[in-house]
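> The structure under discussion is supplied below as structure tokens; questions concerning it will follow.
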Amino acid sequence: MDARLNYFTSPTAGKALKHFMSAGKSLKESPLPAVTQELVALRVSQINGCAVCLDMHTKEAAAAGETSGRLNLVAAWREATVFTEAERAALELAEEGTRVADAARGVSDEVWAYAAEHYDEEQLTALVVLVSFMNAVNRLNIITQQPAGDYEAGQFH
Numbered sequence: 001m002d003a004r005l006n007y008f009t010s011p012t013a014g015k016a017l018k019h020f021m022s023a024g025k026s027l028k029e030s031p032l033p034a035v036t037q038e039l040v041a042l043r044v045s046q047i048n049g050c051a052v053c054l055d056m057h058t059k060e061a062a063a064a065g066e067t068s069g070r071l072n073l074v075a076a077w078r079e080a081t082v083f084t085e086a087e088r089a090a091l092e093l094a095e096e097g098t099r100v101a102d103a104a105r106g107v108s109d110e111v112w113a114y115a116a117e118h119y120d121e122e123q124l125t126a127l128v129v130l131v132s133f134m135n136a137v138n139r140l141n142i143i144t145q146q147p148a149g150d151y152e153a154g155q156f157h
């Protein structure tokens with residue numbers, strides 16, 4: 001599959017995506033645990049069907065030491081016993097924050113309270129921005145049919 005647009009050669013994309021990359025770097029430096037960030041990025045990308053982001057975040061998580069067993073179970077996290085309560089709270093918030101049209105209510109008070117039990121305000125801020133960021137990046141890739149499979153861990157960092 002060939003991409004509809006080449007973001008690396010477009011001056012407009014270059015200007016706009018510079019800011020996206022900067023936002024992504026800020027999130028990496030946030031107090032939200034790196035493992036949680038990768039799990040959330042994976043779950044959002046699974047829901048949206050973004051192959052590029054699935055490729056990237058699976059490889060980044062593995063390079064950071066995440067196990068294949070946990071990575072393989074992200075899509076079925078509710079039934080899996082390998083995730084902490086904090087990770088479950090983050091994954092649930094990520095799902096409701098991604099499926100806003102499906103839920104027709106956004107993130108429920110119960111899900112927000114559950115996340116707030118496990119993360120402080122700065123971590124919650126990073127989590128909310130990460131979910132929003134991943135949804136935006138997923139759409140950039142899906143709309144333009146960016147091909148997946150060639151990503152190497154650390155390529156964009």
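Just so you know, the working numbering puts 146 at position 146 of the sequence shown, and the rest follows in order with no gaps.
Think of the CB as a built atom: it goes at the ideal place given N, C-alpha and C, for glycine as much as any other residue.
(1) Am I right that I142 and N6 are in contact with their C-beta atoms under 8 Å? What's the rounded C-beta distance?
(2) Are V107 and L130 close, meaning C-beta to C-beta below 9 Å?
(3) Is the stretch 36–46 in contact with the stretch 63–82, if contact means three or more CB pairs nearer than 8 Å?
(4) Could you tell me how far apart the beta carbons of A89 and E117 are, in whole angstroms, since I believe they sit closer than 8 Å?
(5) For F156, which of helix, strand or coil comes out of DSSP?
(6) Apart from the five residues on each side of it in sequence, which residues of its chain come closer than 8 Å, Cβ to Cβ, to F8?
(7) Assuming V44 and N135 are in contact, meaning their beta carbons sit under 8 Å apart, how far apart are those beta carbons, in whole angstroms?
(8) Hey, how far is the Cα of A101 from the Cα of E95?
(9) Can you tell which of T67, G97 and G149 has the C-alpha that lies nearest to the C-alpha of F133?
(10) Between G149 and D55, what straight-line distance do the alpha-carbon atoms span, to the nearest angstrom?
For this structure:
(1) Stepping through the sequence shown from its first residue, residue 142 is reached at position 142. Stepping through the sequence shown from its first residue, residue 6 is reached at position 6. Your pair I142 and N6 does not check out as a contact, with CB atoms roughly 16 Å apart and the cut at 8 Å.
(2) Here residue 107 corresponds to residue number 107 of the sequence shown, with the count starting at 1. Here residue 130 corresponds to residue number 130 of the sequence shown, with the count starting at 1. Result no, Cβ atoms of V107 and L130 do not sit closer than 9 Å.
(3) Contact between the stretch 36–46 and the stretch 63–82 is present, with at least three C-beta pairs closer than 8 Å.
(4) For the purposes of this step, residue 89 is taken as the residue at position 89 of the sequence shown. For the purposes of this step, residue 117 is taken as the residue at position 117 of the sequence shown. Distance from A89 to E117 at the Cβ level is roughly 7 Å; contact confirmed, criterion being Cβ atoms closer than 8 Å.
(5) Here the question's residue 156 lines up with position 156 in the sequence shown. Coil.
(6) Here residue 8 is taken as the residue at index 8 of the sequence shown, counted from 1. Taken in chain order, the residues that qualify are G14.
(7) In the sequence shown, the residue the question calls residue 44 occupies position 44. In the sequence shown, the residue the question calls residue 135 occupies position 135. Between V44 and N135 a beta carbon distance of about 6 Å is seen, short of the 8 Å cut, so the two are scored as contacting.
(8) Numbered from its first residue, the sequence shown carries residue 101 at position 101. Numbered from its first residue, the sequence shown carries residue 95 at position 95. Rounded to the nearest whole angstrom, the C-alpha separation of A101 and E95 is 11 Å.
(9) The sequence position of residue 133 within the sequence shown is 133, counting from 1. Answer by Cα proximity: G97.
(10) For the purposes of this step, residue 149 is taken as the residue at position 149 of the sequence shown. For the purposes of this step, residue 55 is taken as the residue at position 55 of the sequence shown. Looking at the two C-alpha atoms, the distance is approximately 6 Å.
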